[in-house]
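Below is one structure; the comments refer to it alone.
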Amino acid sequence: MLASRVFSLVGRRSISTSLCLRAHGHAGVVKAEDYTLPAYVDRRDVPLPEVAFVRDLSAQQQALKEKEKASWSALSVDEKVELYRMKFNETYAEMNKGTNEWKTILGGVLFFLGFTGVILIWQKNFMYGPIPHTFSEEWLSAQTKRMLDMRVNPVGGISAQWDFDKNEWKK
Amino acid sequence: MRGLLARRMKFHLLGAFVVSLGCATLYKFGVAEPRKRAYAEFYKSYDPMKDFQAMKAAGVLECAPPK
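The listed protein sequences correspond, in order, to chains C and B.
Heads up: take any position in the first sequence, counting from 1, add 3, and you land on the numbering used here.
Heads up: take any position in the second sequence, counting from 1, add 5, and you land on the numbering used here.
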């Protein structure tokens, strides 16, 4: 609803300046722009919008409006529905209905995550140099042995998982 | 339609209490208590001198080299 308001704004921008020029040719009264008048909104917290949905009634609809002034029990179900549709755009059920947008969003997110993964793999393969020598197997085992010798994290950490008597990792 | 905010607020207030208290309880009994028990168990049978001798023998103490 708001989007259509913006479009009418953009469309009439060019005319409103010429409107000001035209105004002085007439009695000095400018025709009220669409965006300055009360607007219709489909919102959960606005049950009765400021204006009816259908602004310009056809002859048939005007006749129906006249009939509405009489007793409502004389109206058929279809006429009541027609009157409702004239006053409101969407029912609450239609307004609150979920869309399938989340699927698109999830798909897009996963796609771009995958694309990022491709970039990272390419980078590791073609761009980055070798990793430091301190990541070699020998260095890592020497490093771990030193940590165990120092009794690093003996309560719940690495030294707690090493069996010092049998000289092996605890099962 | 009536009391829209009140209903929503009641629901979310209750939910917030339940979720936060639940998180706290879960943390206490999932993380804090086991950790306290682990430390108690460790220090029940901990001999610092034996540990010191082991570290000394391994050669990681600069001021107490293995003889």
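Built from N, CA and C at the ideal position, the CB exists for glycine as well.
- For residue 52 of chain C, no CB of chain B lies under 8 Å from its own CB, so it is not counted at the interface with that chain.
- In the structure shown, residue 7 of chain B adopts coil according to DSSP, grouped into three states.
- Residue state for residue 58 of chain C is assigned as coil, using DSSP reduced to three classes.
- Less than 8 Å divides the Cβ of residue 158 of chain C from the Cβ of residue 43 of chain B.
- C-alpha of residue 42 of chain C to C-alpha of residue 53 of chain C: approximately 6 Å in a straight line.
- Distance from residue 60 of chain C to residue 68 of chain C at the Cβ level is roughly 7 Å; contact confirmed, criterion being Cβ atoms closer than 8 Å.
- Listed along chain C, the residues sitting closer than 9 Å to residue 56 of chain B by beta-carbon distance are 154, 157.
- Counting the other Cβ atoms within 10 Å of the Cβ of residue 16 of chain B gives fewer than 16, which makes it exposed.
- Contact annotation: residue 170 of chain C and residue 163 of chain C have beta-carbon atoms that are not nearer than 8 Å.
- Sorting C/71, C/153, C/103, C/97 by C-alpha distance to the C-alpha of residue 85 of chain C places C/71 at the top.
- If you look at residue 147 of chain C, you'll find it in the alpha helix (DSSP H) that goes 140-152.
- DSSP, reduced to helix, strand and coil, places residue 23 of chain B within a helical segment of the structure shown.
- Taking residue 50 of chain C as reference, the option from C/108, C/99, C/38, C/33 with the minimal CA-CA separation is C/99.
- In this model, residue 14 of chain B and residue 26 of chain B are separated by some 18 Å (Cα to Cα).
- The shortest C-alpha to C-alpha distance from residue 6 of chain B to any of C/40, C/149, C/33, C/48 is the one to C/48.
- One thing to note: residue 154 of chain C has its Cβ no nearer than 8 Å to the Cβ of residue 52 of chain B.
- The beta carbon of residue 71 of chain B lies closer than 8 Å to those of 61, 62, 63, 64 in the same chain, with the five residues before and after it left out.
- Spanning the alpha carbons of residue 104 of chain C and residue 121 of chain C requires a straight line of approximately 26 Å.
- Restricting attention to beta strand (DSSP E) runs no shorter than 3 residues, the segment 83-147 of chain C encloses none.
- Taking a beta-carbon distance threshold of 8 Å, residue 36 of chain B does not count as an interface residue toward chain C.
- Scanning chain B for C-beta atoms nearer than 8 Å to the C-beta of residue 149 of chain C yields 65, reported in chain order.
- Contacts with chain C at 8 Å (Cβ-Cβ) do not include residue 14 of chain B.
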